[in-house]
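See structure below.
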Amino acid sequence: MHRTPIQVRCPEGGDARLLGLGAFRPRRYATNEEVCARIDVDPEWVVARSGIRTRGVAADDETVVDMGAAAARDALEVAAVSPAEIDVVVVATMSPDTACPQVSTRLADRLGVTGAAVDLGAACSGFSYGLEMARAMIRAGTARHVLLVGVERMTDLLDLTDRSTAFLFGDGAGAVVVGPSDEPGVGPAVWGADGSQADLIAHRPSWRDGLADPEGPVPGLRMQGPTVFRWASTQIAPVAEKALAAAGVTVDDLDAFVPHQANNRITDALVRALALPDRVVVARDVVRAGNTSAASVPLAMHALLRDGDAEPGQVALLAGFGAGLTYGSQVVALPPVTA
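Note that full-length UniProt numbering has the sequence shown beginning at 1, numbered continuously upward.
As structure tokens, this is what we get:
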């Protein structure tokens, strides 16, 4: 463990840090052989194109609330923060089981939290967006502890016969407790959106149109994969470089890189574009978990720490990107996890 070199401080001296990280992974994992049998694609082609070998598939008793609450309990325990000390719960998800009531209010109730609760929809950038919101609230003094949960049941959104998406996505949850710190532990986010390209990743037909035409195509997540690949491979590295600069650090200060787990080939392109030193550990949780959208970054961060590839207190660059199109990146000091 070493002191984070993040240099940007709050003028009032009230900085934010990740106090604890938790995770929940479904009991069952589907192999490429199982998924590819429905789409007539060779399992090794999936590995070559994405790196994915398995993905979590949530059971009926592993709802977004169940999974998110389990990850949150883990994070609260590690952080030694009680539910009564949580001022705000932010749940990042693009796969809520209902539009109303929100996932966040039910999850907060499950934990015994009575503070504010809000759902955040920014797709695969949801964790990055939520982390910047938590940081801002703590630095502004409107909250002391924020519970941020990224949780998805992406398999609920899929047309399992769609060759562009059926093999990519999985389920799971990750959570962090963000709280006050004398040292800066979360750098400023560099974030944004390009709605002109929203159609590149979209749910079609809409639920309304799908209900109106029962004989029509199954509503599901559709993606223009090659175009999304080119966008992520070329546009996210400059965002990450700006996040490094905003935190007052360089790639030489990094210990780990945790990008959104969309595709191993995108990760490879980002590593090259950023010219990361060989000693920087790169998260590759996509191989096991698939693309878990808003849960992707915290799950990948948790895997690095759980497996001993990184240590609490080390410096990591996070990067989220996906549907919207949305993107966000920031530098953090890695939090503790359970053994």
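Every residue gets a Cβ at the ideal spot worked out from N, C-alpha and C, and that includes glycine.
Candidates the options, of which the one nearest residue i by Cα
i    : options                   : result
T93  : L160, D309, V286 and T292 : T292
T142 : A16, L107 and V228        : A16
A175 : G290, P184, A295 and A202 : A295
T155 : L21, V258, T63 and T267   : T63
E77  : D307, V88, L19 and S104   : L19
D87  : G115, S95, Q197 and D213  : G115
S164 : L276, G130, W231 and S50  : S50
Y29  : V287, Q314 and L131       : V287
L200 : M137, H260, T326 and Q314 : T326
L131 : D182, V331 and A246       : V331
R9   : V297, N32, P184 and A70   : P184
V151 : W45, P5, A71 and F257     : A71
V280 : A300, A173 and V258       : V258
G187 : R144, L244 and D171       : L244
M137 : V89, A84, S125 and D182   : V89
G22  : G313, V297 and G126       : V297
S196 : A323, G126 and Q261       : A323
L277 : A289, L254 and A283       : As written in the sequence, residue 277 is Pro, which differs from the Leu given in the question. When each option's Cα is compared against that of P277, the closest is L254.
Rounded C-alpha distance that separates residue i from residue j
i    : j    : result
D109 : L334 : 28 Å
P336 : G308 : 11 Å
L274 : A303 : 22 Å
F169 : I39  : 14 Å
L111 : V146 : 13 Å
A80  : A189 : 26 Å
V42  : R265 : Val is not the amino acid found at residue 42; the sequence shown has Asp there. Straight-line Cα distance between these residues: approximately 18 Å.
P205 : A339 : 44 Å
C36  : P180 : 47 Å
P96  : D159 : 17 Å
Q7   : L107 : 35 Å
N32  : N263 : 15 Å
R53  : A166 : 13 Å
V46  : R208 : 32 Å
Q235 : T161 : 30 Å
Counted within 10 angstroms of its Cβ, other Cβ atoms place residue i as buried (16 or more) or exposed
i    : result
S128 : buried
A122 : buried
P238 : exposed
C100 : exposed
G192 : exposed
T98  : exposed
T267 : buried
D74  : buried
R27  : exposed
L211 : exposed
A256 : buried
DSSP three-state assignment for residue i, whether helix, strand or coil
i           : result
T54         : strand
N263        : coil
residue 354 : Residue 354 lies beyond the range of the chain shown here (1 to 339); nothing can be said about it.
P277        : coil
T234        : helix
A240        : helix
S164        : coil
H302        : helix
I138        : helix
R17         : strand
P5          : coil
P180        : strand
E215        : coil
G115        : coil
L325        : coil
S65         : In the sequence under discussion, the amino acid at residue 65 is Val, which differs from the Ser named in the question. Helix at V65.
G126        : helix
E152        : strand
R28         : strand
V271        : helix
L147        : strand
Q102        : coil
_Segment contact, 8 Å Cβ cut-off, at least three pairs: the segment 204-224 with the segment 45-57_ = no
*Is the segment 243-258 touching the segment 222-231, taking contact as three or more C-beta pairs under 8 Å?*
no
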